[in-house]
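Single-structure report; data block below.
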Amino acid sequence: MKSSPLFCLRLSLLAGLAMLLHACHGNDHTDATWPVVDIDQLPDTIFDCRSLVRQARIVPLAPEPLVGGIDKVVGRDARFYVLDKTGVQVLAFDRNGHFVRKFGKLGDGPGEFESIFELVVPSHSDQVIVLKPWTLMFFDTTGKFHRETPLEFMPSRLGSAGQPDVFCYSTSFDDPQFFVHCIDVRGKIVSKHLPSTRKVPPHADLSNVSGMLINGPDNRVYVNYPGSSKVYTLRKGRFEPMIQFVGNRFWPEARKEDIEAFIDRLYAMDDFGYLHKYQIVNTCGAFTFMRDKRIQSLYYFFDSGKAYGARNFTDNALRNFLNSTPVGYTEDGGIIFVLDEERKMWLENRYQNDLSPLVPDLIPSPLWQSLSETRNNPILVILYFQS
4 MKSSPLFCLR LSLLAGLAML LHACHGNDHT DATWPVVDID QLPDTIFDCR
54 SLVRQARIVP LAPEPLVGGI DKVVGRDARF YVLDKTGVQV LAFDRNGHFV
104 RKFGKLGDGP GEFESIFELV VPSHSDQVIV LKPWTLMFFD TTGKFHRETP
154 LEFMPSRLGS AGQPDVFCYS TSFDDPQFFV HCIDVRGKIV SKHLPSTRKV
204 PPHADLSNVS GMLINGPDNR VYVNYPGSSK VYTLRKGRFE PMIQFVGNRF
254 WPEARKEDIE AFIDRLYAMD DFGYLHKYQI VNTCGAFTFM RDKRIQSLYY
304 FFDSGKAYGA RNFTDNALRN FLNSTPVGYT EDGGIIFVLD EERKMWLENR
354 YQNDLSPLVP DLIPSPLWQS LSETRNNPIL VILYFQS
């Protein structure tokens, strides 16, 4: 029996509707009102990454006191505040890298610590807040210790909430119903955000896994669930999606609450992808992903909606930094990277001791040569991106 044209039209319309419904339900980002970046669909064009950077600064840190490792840096009020978990110390350097002071000391008394986990330096404040186990420690910027606030929980990460004396902490494992709490200086919970029913394994250590709470220069808070590649920001008292990343073999966003399965895959060293770490300043975001069992970097410019993968950058010294994980930010919009002794030697060997191509006309070669005397401590490389 020959089908009528009307019958064929109905079939094609039904088929199209079915495909549309499948697409909508198969991808939770189809109707997203925030940017969704498929990192497998970036252009294959190779280009000079130096065009993304408008300014660069190099700050060699003073050789004493010796820094064991740089876990976080906050550049504020002409100071660099450095969190060194390995050396169990919080240090301040001036804008030229000269040592200024330490905060606290080793011990178990007031103003002392045996281990430290986080550092927060709120803008428009003279406070330096250090997180040690189950306790917030408050110093002023002169290094004077003021008080400790015991906590009923152990935060994974700590940040400023953009309000005076209100702070955020993330991933409280003993309260799996919420991901972010806001607390005051007394440790009292002010508000809770991002309700979730996820189950977190007892004593799970997510400190080196995606699931971050970070600040930007303006104290804006950015956060994502462990295993999730969707980043939220705090607006008008609530967290809203800001950007989302998708890609082949990415941990599914629909399973973001299945933390136990995510950790099992992680410990098994399976080859899958997830958002690792990031830093957002002004209109630029530096994002690193774990894919193919190695770190891959991507830079997203929110004003233009353009994304650039580090794998597309021409081979020069700058590419080495852009394909690494940033450690912090400056209040004037710079993103901070670390040049340690091992990386400096590798760069010198690769580029025949001439590192001036890092950013031409911004970092003269003689400066690089003078850095040979500062090998005892890491060097801060601060990059300012084009708007």
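So that you can map any letter, position 208 of the sequence shown is 211 in this note's numbering, and since no number is skipped, the others follow by simple counting. Beta carbons: idealized from backbone N, C-alpha and C, even for Gly.
Give the secondary structure of residue i by DSSP, where H, G and I count as helix, E and B as strand, and everything else as coil.
| i | result |
| --- | --- |
| Asn218 | strand |
| Ile119 | coil |
| Phe253 | strand |
| Ala207 | Residue confidence is low: Ala207 scores 45 on pLDDT, short of 50, so the model does not pin down where it sits. Its coordinate-derived value is still stated next. Three-state result, Ala207: coil. |
| Tyr235 | strand |
| Phe106 | strand |
| Glu155 | coil |
| Ala320 | helix |
| Tyr270 | helix |
| Ala164 | strand |
| Ile73 | coil |
| Asp177 | Reliability of the predicted coordinates at Asp177 is poor, the pLDDT of 48 falling under 50, and the value obtained from them is presented with this limitation in mind. Coil at Asp177, not helix or strand. |
| Ser54 | helix |
| Phe170 | strand |
| Ala59 | strand |
| Ile262 | helix |
| Leu64 | coil |
| Leu45 | coil |
| Arg346 | helix |
| Pro381 | coil |
On a CA-only basis, which of the options is nearest residue i? Give me that one, please.
| i | options | result |
| --- | --- | --- |
| Thr328 | Gly71, Val384 and Glu344 | Val384 |
| Leu321 | Leu45, Val39, Ala59 and Phe106 | Ala59 |
| Gly312 | Gly337, Tyr172, Asp306 and Leu301 | Leu301 |
| Asp343 | Ala35, Arg57, Leu64 and Val40 | Leu64 |
| Val169 | Gly112, Arg150 and Val123 | Val123 |
| Val341 | Val234, Arg57, Glu67 and Asn380 | Asn380 |
| Phe156 | Tyr172, Gly219 and Arg150 | Tyr172 |
| Asn315 | Glu151, Ile42, Gly71 and Lys147 | Ile42 |
| Asn403 | Ser307, Arg346, Tyr303 and Asp335 | Outside the displayed span of the chain (4 to 390) sits residue 403, for which this structure offers no information. |
| Ser128 | Gly219, Thr144 and Pro220 | Thr144 |
| Ser232 | Pro220, Ala257, Arg189 and Arg238 | Ala257 |
| Leu69 | Tyr387, Phe388, Ile382 and Thr333 | Ile382 |
| Gly250 | Phe142, Gln299, Phe304 and Asp306 | Gln299 |
| Pro255 | Lys239, Gly230 and Leu237 | Gly230 |
| Asp335 | Trp37, Arg82, Thr48 and Glu67 | Arg82 |
| Gly337 | Asp47, Thr48, Asp295 and Asp221 | Asp221 |
| Glu115 | Phe142, Ser126 and Ala95 | Phe142 |
| Asp295 | His279, Tyr303, Arg241 and Phe305 | His279 |
| Glu67 | Phe148, Cys185 and Ala95 | Ala95 |
| Leu237 | Leu45, Asp306 and Cys185 | Cys185 |
| Gly219 | Tyr303, Ser126 and Asp47 | Ser126 |
| Thr333 | Thr36, Lys147, Pro46 and Asp80 | Asp80 |
| Leu45 | Gly308, Leu325 and Asn319 | Gly308 |
May I ask which residues mark the beginning and end of the beta strand (DSSP E) holding residue i?
| i | result |
| --- | --- |
| Tyr332 | Gly331 to Thr333 |
| Arg82 | Arg82 to Asp87 |
| Arg189 | Here Arg189 belongs to no beta strand (DSSP E), and DSSP marks it neither H nor E. |
| Gln282 | Tyr277 to Val284 |
| Ala313 | Note, Ala313: premise wrong, no beta strand (DSSP E); not H, not E. |
| Asp143 | Thr138 to Asp143 |
| Gly308 | Element bounds for Gly308: n/a, residue is neither H nor E. |
| Gly288 | Cys287 to Arg294 |
| Asp97 | Gln92 to Asp97 |
| Gln130 | Gln130 to Lys135 |
| Tyr228 | Per DSSP, Tyr228 belongs to no beta strand (DSSP E) and is neither H nor E. |
Check whether the Cβ atoms of residue i and residue j lie closer than 8 angstroms to each other.
| i | j | result |
| --- | --- | --- |
| Ile339 | Gly78 | yes |
| Leu86 | Asp97 | no |
| Lys195 | Tyr228 | no |
| Leu216 | Val183 | yes |
| Val93 | Val133 | yes |
| Gly331 | Val76 | yes |
| Val131 | Tyr84 | yes |
| Asp274 | Arg297 | no |
| Tyr270 | Met293 | no |
| Pro136 | Ser118 | yes |
| Val224 | Ala164 | yes |
| Met140 | Gly110 | no |
| Thr152 | Val188 | yes |
| Gly72 | Lys88 | yes |
| Arg57 | Gln389 | yes |
Answer yes or no: does any C-beta atom of chain D fall closer than 8 angstroms to that of residue i?
| i | result |
| --- | --- |
| Ala264 | You won't find chain D in this structure, because it holds only one protein chain. |
Can you tell me whether residue i sits near the ligand SAH, meaning its C-beta is under 7 angstroms from at least one heavy atom of the ligand?
| i | result |
| --- | --- |
| Ala35 | For the ligand SAH, the structure offers nothing, since it holds no ligand at all. |
Evaluate contact between the region 285-293 and the region 254-266, counting only Cβ atoms and requiring at least three cross-stretch pairs below 8 angstroms. The region 285-293 makes no contact with the region 254-266; the number of CB pairs closer than 8 angstroms stays below 3.
Below 8 angstroms, can you find three or more Cβ-Cβ pairs linking the region 277-285 to the region 228-246? yes
Could you tell me whether the region 44-56 touches the region 90-105, using the rule of 3 or more Cβ pairs below 8 angstroms? Counting Cβ pairs under 8 angstroms, fewer than three are found: no touch.
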